[in-house]
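Colleague: In mature numbering (1 follows the signal peptide of the UniProt record, and there is no 0), the protein residues as written are -21 to -1, 1 to 799.
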Amino acid sequence: MRHLGVSFLLTSLLSATGIIASEDPSDVSVLIRESGRASNQSLLWGPYKSNLYFGVRPRIPKSLSAGLIWGKVDEYIGAQQNFRHTCEQNEGMDGYGWDEYDIRKGGRETIHDAGNNLDLTIDFIKVPGGENGGSWGFRVKGEPREGASPDLPVSMIFYTTLEGLGHVGVETDTTEDSAGIEGNVKLSGYSSELGDFSIDVTTGPDTNRYPRFDHPSSTDRPLTNSLVGSVSFPEEQLWQAKGIYFTQLKKQVDEALQDYGQENIPPPAQLFTIKHKPGQGNAHFVQKVFTGAFEFDVLFSSGSAPEPLTSETLTKEIKDASASFSETFDKVLPPQAPFDSLKYSKFSKAMLSNLIGGIGFFHGDDVVDRSANPAYEEENEGFWEETAEARAAVEPVLEGPKDLFTCVPSRPFFPRGFLWDEGFHLMPVIEYDTDLALEIIKSWFNLMDEDGWIAREQILGAEARSKVPAEFTVQYPHYANPPTLFMALEAFMDKVNSNKSNDVLDSQDVTASLRSATVRHPELSEAYLRSFYPLLKKHYFWYRNTQRGDIKSYDREAFSTKEGYRWRGRSVQHILTSGIDDYPRPQPPHPGELHVDLISWMGMMTRTIRRIAERLGEQDDAEEFAYYETAITRNIDDLHWDEQEQTFCDATIDSFEDSIHVCHKGYISIFPFLTGMLGPDSPHLKAVLDLISNPDELWSDYGIRSLSKKDKFYDTDENYWRSPVWININYLVLKNLHDTALVAGDHQEQAREMYSQLRKNLVENVFREWKKTGFAWEQYNPDSGNGQRTQHFTGWTSMVVNMMSMPDLAKTEETAHDEL
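1. Measuring straight from C-alpha to C-alpha, what distance separates residue 655 and residue 715?
2. Could you tell me if residue 31 is buried or exposed, where buried requires 16 or more neighbouring beta carbons within 10 angstroms of its beta carbon?
3. Check this for me: beta carbons of residue 74 and residue 753, under 7 Å apart or not?
4. Please report the distance separating the alpha-carbon of residue 132 from that of residue 291.
5. Determine whether the beta carbon atoms of residue 438 and residue 395 lie at a separation below 7 Å.
6. Under the three-state reduction of DSSP, which class applies to residue 100: helix, strand or coil?
7. Out of 68, 473, 520 and 139, state which residue places its alpha-carbon closest to the alpha-carbon of residue 497.
8. Could you give the uninterrupted runs of the beta strand (DSSP E) lying entirely in the segment 171 to 236, keeping only those of 3 residues or more?
9. Indicate whether residue 211 and residue 260 have their beta-carbon atoms separated by less than 7 Å.
10. Check this for me: beta carbons of residue 707 and residue 403, under 7 Å apart or not?
11. If you follow the alpha helix (DSSP H) that residue 44 is part of, which residue opens it and which one closes it?
12. Pairing CB atoms from the segment 552 to 563 with CB atoms from the segment 572 to 581, are three or more of them under 8 Å?
13. Within 10 angstroms of the Cβ of residue 608, are there 16 or more other Cβ atoms? Answer buried if so, exposed if not.
14. Please name the residue or residues paired with residue 630 in a DSSP beta bridge.
15. Can you tell me whether residue 133 is helix, strand or coil according to DSSP?
16. On the CB-based measure, 16 or more other CB atoms within 10 Å of its CB, does residue 146 come out buried or exposed?
17. Would you report the Cα separation of residue 596 and residue 406, rounded to the nearest angstrom?
18. Where residue 321 and residue 735 are concerned, what is the direct C-alpha to C-alpha distance, given to the nearest angstrom?
19. Would you kindly check if the distance between the Cβ of residue 190 and the Cβ of residue 248 is under 7 Å?
20. Within 10 Å of its beta-carbon, does residue 55 have 16 or more other beta-carbons around it, so buried, or fewer, so exposed?
21. Quick check on DSSP: helix, strand or coil for residue 800?
22. Determine the direct distance from the alpha carbon of residue 111 to that of residue 173, and round the result to whole angstroms.
23. Secondary structure at residue 784, three-state DSSP: helix, strand or coil?
24. Applying the criterion that 16 or more other CB atoms from any shown protein chain within 10 Å of the CB defines a buried residue, is residue 349 buried or exposed?
25. Looking at residue 50: is its Cβ nearer than 7 Å to the Cβ of residue 128?
26. Note the first and the last residue of the continuous beta strand (DSSP E) segment covering residue 247.
27. Which residues does DSSP pair with residue 87 in a beta bridge?
28. Assess, as a yes-or-no matter, whether the segment 325 to 344 is touched by the segment 435 to 451 under the definition of 3 or more beta carbon pairs within less than 8 Å.
29. Please confirm whether residue 371 and residue 78 have their CB atoms less than 7 Å apart.
30. Take residue 3 and list the residues in its own chain whose beta-carbon comes closer than 6 Å to its own, dropping the five residues that flank it on each side.
31. Pick out whichever of 272, 493, 70 and 424 has its Cα sitting closest to the Cα of residue 13.
32. Comparing alpha-carbon positions, which option in 515, 409, 564 and 531 lies nearest residue 495?
33. In three-state DSSP terms, what is residue 165?
34. Assign residue 634 to one of two classes, buried (16 or more other C-beta atoms within 10 Å of its C-beta) or exposed (fewer than that).
35. For residue 468, tell me which candidate among 251, 250, 107 and 583 has the shortest Cα-Cα distance.
36. Figure out for me which residue from 219, 761, 732 and 615 has the closest Cα to the Cα of residue 530.
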């Protein structure tokens, strides 16, 4: 029976990608190789330029790229500021993002551009076939917003650029002296990785309308046609498409001013157009100017596909993709009571789609300090001053280029990879598309250096660095970050062990096979884990070696003299490496500190790698990790539990060289619970639950506060992690309340009640703010529930999707009572 399943899956994968099976389908090595190949093909193309409102590229370092630029052109002053390209905060958006999106099929993005009085709908679709990831296309629809002029003039610019070996040019037979291209604009090209391809930019339906003017310039250049500008620029500048466009536009504006003068300049819709100059080049701009509502298609056809992509095919695929997404979502992540209604389903689909639609592929070098300055050991009192001097004097080096396939926290503000965010990002992803999550995890581990270090912030290339202040670009090989990728791997292990695939396999649905092949087939899950198990071990021991704390020197009494941990990279006010930057810590900093959140992360990390070792039959490793796990569990109590305060605390060294606790009740205090290191039989569980549920401490109507209201540092200074509600930590609270509520014991009922109320508070507030503002937010105010800080934070705030799909334990309890 196993080989029958393997044969069916392999046949499906091969037929989906045009691969002909020549080997025995029962051969497991064939399954592993071809399933991986088919999955890669389905993931090759996507809107992987996360920093753009809409930008398409393949997962190929130097290749073809495409995107959109647009703006209303009804005025002269401020026209340049109207043009949109990169996602920006405070740019007059009334919300934007993906309403539906499946990374292997496509979906729909809507953009509510209040500043331009324009609503855009972009349907992006992938069509498999051939050897180069298939074809893709997107349909753009524009509609003036309510209250806007029905004749609003809008300039839409589609552009494409090409890096690396190859060429692309305009195929339509026109000259630069002509008035533009009347029909579809056709580009064709070749690249070494993509082979032959073509791009058609269609005229759209007959209902499209265009500006009409009496100005002399309109006689020369009627706006019914598409204007095409073909240019060549240095490869390293091609990511600045909007700047290149304005460079071309300025030439035309200057020419118009020279021809007609300030007193008789063309109308804005005519003035702000590029010179029609089609031809060869590595950057091509196709500009269309519409009046009122409009629609057009962009169709990329792979030369290896059976047939070119057409608008008719695009129409069909748009409908199919929408139906497929809804069907899959309703199977694997349906919101449960009390959120089992249409409005919450729509909200949950949008949150998941924005998370997956924000996945990016990044390529480039990064900036690293390889000085290995002795100050970075942080062994002396006053170490933070020494490390600040070392960082100020450093001459960092460029390393790479490197590749990363990752979710991003926020497309406008954080369009890059963050190590500690990523494990949280993958919790919703792994439920919808397990194998996608695994591809992302492996991409991260492939960034590891020879010592086992992964930079906590991935700022790869000039485009990524353009969004980061220079002082934050340097990465330090002794700095860690919470190892949340292990949290995602543990979720994967749970799915494999329960053989719970994330969808119901339909014999016709090859995409479903690709989403959960590793769960359905133990051969694939084992091959996946084994493929980078050595990297997992290297990374694990890098943490143990570089972040170890000092137990012996201060005569601390603990089960183990080795299992204590301290974040490196601390300053007086911050431990940025911990992820919870300004949370109060012992003062002044001391090299003898021990941090309760880090030892808790190390416990989770150890538990996960022990489980993986057991799965792979690495018995010696499993026994070693089990020993560490026991020692860490014991030391959490021995080193960090404060009996008087009845909470877990950081430890430091006082002026008498004695080890003492410094207690600031909040997220730090509950980390053993958050990471699953505090079992249901722990004598400290009651105190932790009471702290979480106390409205004078952590509980609020909108989620669990980051710091107790009773703490003297509550709501002070930056107030980043000193009061606000964070969805990622609240998810961990909710998950562990859920797990506690399922275990019979003294705390089951309390955990169940807390779980039900917290789940309701969190979901309702994030939903309310999404409806009110059009955005998910980085954090939420514990007193008002208002979203704050970074907008369009569809990274870990998307974990509300998991919250909605978790069971309604209150309903379960009532049902069980009725049945009795």
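Where is the CB? At the ideal position from N, CA and C, for every residue including glycine.
In this text the structure is predicted, and so the values were computed from the model without any measurement.
Modeller: Well, looking at it:
1. One-based indexing of the sequence shown puts residue 655 at position 676. One-based indexing of the sequence shown puts residue 715 at position 736. Whole-angstrom Cα-Cα distance: 7 Å.
2. Translated into the one-based positions of the sequence shown, residue 31 becomes position 52. Under this definition residue 31 is a buried residue.
3. Position 95 of the sequence shown holds residue 74. Position 774 of the sequence shown holds residue 753. Judged by beta-carbon spacing, residue 753 lies within the 7 Å limit of residue 74, meaning their Cβ atoms are closer than that value.
4. Indexing the sequence shown from 1 puts residue 132 at position 153. Indexing the sequence shown from 1 puts residue 291 at position 312. Distance between the alpha carbons of residue 132 and residue 291 is about 27 Å.
5. To locate residue 438, count along the sequence shown from 1; it is residue 459. To locate residue 395, count along the sequence shown from 1; it is residue 416. In this structure, residue 438 sits near residue 395, with a CB-CB distance shorter than 7 Å.
6. Taking the first residue of the sequence shown as position 1, residue 100 is located at position 121. In the structure shown, residue 100 sits in a strand (DSSP, three-state: E or B).
7. Here residue 497 refers to the residue found at position 518 of the sequence shown. The shortest C-alpha separation from residue 497 is found at 473.
8. For the beta strand (DSSP E) assignment, the uninterrupted runs of no fewer than 3 residues enclosed by the segment 171 to 236 are, from N- to C-terminal side, 174 to 180 and 206 to 210.
9. Locating residue 211 in the sequence shown gives position 232, where the first residue counts as 1. Locating residue 260 in the sequence shown gives position 281, where the first residue counts as 1. Yes, these two residues count as a Cβ contact at 7 Å.
10. Taking the first residue of the sequence shown as 1, we reach residue 707 at position 728. Taking the first residue of the sequence shown as 1, we reach residue 403 at position 424. In terms of Cβ geometry, residue 707 and residue 403 form a close pair [threshold 7 Å].
11. Mapped onto the sequence shown, residue 44 falls at position 65. Taken as a continuous stretch (DSSP letters only), residue 44 belongs to no alpha helix (DSSP H), being part of the beta strand (DSSP E) at 43 to 51.
12. In this structure the segment 552 to 563 touches the segment 572 to 581; the number of beta carbon pairs closer than 8 Å is three or more.
13. As a position in the sequence shown, residue 608 is number 629, starting the count at 1. Buried is the call here.
14. Against the sequence shown, residue 630 aligns to sequence position 651. BP columns for residue 630 point to 573 and 640.
15. Against the sequence shown, residue 133 aligns to sequence position 154. In this structure, residue 133 counts as strand in the three-state DSSP scheme.
16. Walking along the sequence shown from the start, residue 146 turns up at place 167. That one is exposed.
17. Here residue 596 corresponds to residue number 617 of the sequence shown, with the count starting at 1. Here residue 406 corresponds to residue number 427 of the sequence shown, with the count starting at 1. Whole-angstrom Cα-Cα distance: 26 Å.
18. Locating residue 321 in the sequence shown gives position 342, counting from the first residue. Locating residue 735 in the sequence shown gives position 756, counting from the first residue. When rounded, the distance between both Cα atoms is 21 Å.
19. Against the sequence shown, residue 248 aligns to sequence position 269. Against the sequence shown, residue 190 aligns to sequence position 211. Yes, Cβ-Cβ distance for residue 248 and residue 190 is below 7 Å.
20. By 1-based counting over the sequence shown, the position of residue 55 is 76. Burial state of residue 55 is exposed, judged by a 10 Å Cβ sphere holding fewer than 16 other Cβ atoms.
21. No statement about residue 800 is possible, as the shown extent of the chain runs from -21 to 799 and does not include it.
22. Walking along the sequence shown from the start, residue 173 turns up at place 194. Walking along the sequence shown from the start, residue 111 turns up at place 132. Going from the Cα of residue 173 to the Cα of residue 111 covers about 6 Å.
23. As a position in the sequence shown, residue 784 is number 805, starting the count at 1. Helix, per DSSP.
24. The count along the sequence shown starts at 1 and reaches residue 349 at position 370. By the 10 Å Cβ count, residue 349 comes out exposed.
25. Stepping through the sequence shown from its first residue, residue 50 is reached at position 71. Stepping through the sequence shown from its first residue, residue 128 is reached at position 149. In this structure, residue 128 does not lie closer than 7 Å to residue 50 by Cβ.
26. In the sequence shown, the residue the question calls residue 247 occupies position 268. No beta strand (DSSP E) holds residue 247; the alpha helix (DSSP H) holding it covers 247 to 250.
27. Working through the sequence shown from its first residue, we reach residue 87 at position 108. DSSP links residue 87 through a beta bridge to 79 and 102.
28. Verdict: yes, contact present.
29. Walking along the sequence shown from the start, residue 371 turns up at place 392. Walking along the sequence shown from the start, residue 78 turns up at place 99. Taking 7 Å as the Cβ cut-off, residue 371 and residue 78 do not qualify as a contacting pair.
30. Position 24 of the sequence shown, counted from the start, is the residue given in the question as residue 3. Legend: pLDDT at residue 3 = 48, less than 50; position of this residue unreliable, no value from coordinates given.
31. As a working mapping, residue 13 is identified with position 34 in the sequence shown. The candidate whose alpha carbon is nearest that of residue 13 is 493.
32. Stepping through the sequence shown from its first residue, residue 495 is reached at position 516. The candidate whose alpha carbon is nearest that of residue 495 is 409.
33. For this step, residue 165 is matched to residue 186 along the sequence shown. Annotated three-state conformation of residue 165 is strand, per DSSP.
34. By one-based count along the sequence shown, residue 634 stands at place 655. A residue is called buried when at least 16 other Cβ atoms come within 10 angstroms of its Cβ; residue 634 does not meet this threshold and is exposed.
35. To locate residue 468, count along the sequence shown from 1; it is residue 489. For residue 468, the nearest C-alpha among the options comes from 583.
36. As a first step, residue 530 is located in the sequence shown; it is residue number 551 there, counting from the start. Measuring from the Cα of residue 530, the nearest candidate turns out to be 615.
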